[in-house]
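Participant: For our numbering, add 126 to where a residue sits in the sequence shown, where the first one is 1.
C-beta: ideal position from N, C-alpha, C; glycine also.
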Amino acid sequence: MFDKILIANRGEIACRVIKTARRMGIKTVAVYSEADANARHVRLADEAVLIGPAAARESYLVIDKIIAAAKATGAQAIHPGYGFLSENEDFCHACEREGIVFIGPPVSAIRAMGSKSEAKKLMEAAGVPLTPGYHGDDQEPAYLHRQADAIGYPVLIKAAAGGGGKGMRLVEKSEDFIDLLASCKREAISSFGDDHVLVEKYITKPRHIEIQVFGDTHGNVVYLFERDCSVQRRHQKVLEEAPAPGMTPERRAAMGKAAVDAAKAVGYVGAG
């Protein structure tokens with residue numbers, strides 16, 4: 127059990143972690159940008175450390191500042207929440223190097239799944255069903271444009287390092303692709319420090335259903351059923367419902383198997 131942890135996030139995410147830690151008798155350290163000085167997570171935590179200007183790339187995404195805050199406050203572990211540095215391999219390595227526990231998946235799993243492009247390559251090799259698209263290394267705008275034309279519109283441009291509904295652009299016509307690609311890349315570099323993108327066929331009437339998995343250090347993985355996250359605003363979930371309405375036992379089993387195969391392919395440990 128830890129005596130003190132640092133939460134490398136903000137807002138509702140950080141507040142939930144702080145409340146849970148408090149119930150467990152663990153002291154908490156918040157980090158905040160200049161714009162978040164009066165934010166609720168700052169007030170809830172036992173301690174708070176200013177880490178930089180409002181822009182995330184100058185505060186919440188700066189690994190050295192997060193590590194320095196943890197060392198200065200004596201935090202034994204860092205909880206990354208989700209988004210920001212939660213899937214950053216370099217951040218996990220930095221924690222290990224400084225003797226700070228990273229509360230999350232192992233480096234190997236982050237390396238495998240931290241980039242959507244690399245994750246899709248792994249899943250393809252593991253036989254996990256994928257949405258048609260391009261997830262290669264060639265990032266030349268003209269080449270990506272040709273790939274989008276080949277996939278067929280509408281397509282979705284997604285930041286490879288993205289999350290939290292950021293770094294996504296829907297393209298419905300070929301002539302709009304280049305401008306929307308540039309816009310997506312700008313948001314990706316600002317939010318995630320990486321402008322690598324992938325292009326996928328846009329599914330016009332989707333059901334967004336996630337399968338929960340849990341893996342141990344012995345290679346065992348189980349799935350803990352599903353939740354329907356289809357109600358969204360700006361690609362951000364508003365409501366999650368379990369069990370998913372209309373889910374059949376056969377489809378649940380098939381999706382559960384695919385999720386377990388995916389987790390095993392990357393050696394996933396913990397909840398995901």
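For a quick check, are the C-beta atoms of V323 and K311 less than 8 angstroms apart?
Facilitator: yes
Participant: Applying the 10 Å Cβ sphere with the 16-neighbour rule, what's the burial state of K383?
Facilitator: exposed
Participant: Can you grab the Cα-Cα spacing for the pair F340 / A397, in whole Å?
Facilitator: Between the alpha carbons of F340 and A397 lies a distance of about 5 angstroms.
Participant: Please list, in chain order, all residues of the same chain as E367 whose beta carbon is under 7 angstroms from its beta carbon, the five residues on each side excluded.
Facilitator: R353 and D354
Participant: For a minimum of 3 consecutive residues, which ranges assigned as the beta strand (DSSP E) are wholly contained in the region 233-308?
Facilitator: 281-285 and 294-297
Participant: To the nearest angstrom, how far is it from the Cα of R142 to the Cα of G209?
Facilitator: 15 angstroms
Participant: Could you tell me the distance, in whole angstroms, from the CA atom of C218 to the CA atom of I337?
Facilitator: 25 angstroms
Participant: Measure the alpha-carbon distance for I283 versus R295 and round it to whole angstroms.
Facilitator: 5 angstroms
Participant: Taking just the CA atoms, how far does E313 sit from I126?
Facilitator: With the chain covering only 127 through 398, there is no way to say anything about residue 126.
Participant: Please return the same chain residues whose Cβ sits closer than 6 angstroms to the Cβ of V386, not counting the five positions on each side in sequence.
Facilitator: V347 and Y349
Participant: Taking the beta strand (DSSP E) that L211 belongs to, which residues open and close that run?
Facilitator: Neither: L211 is in no beta strand (DSSP E) and is coded neither H nor E.
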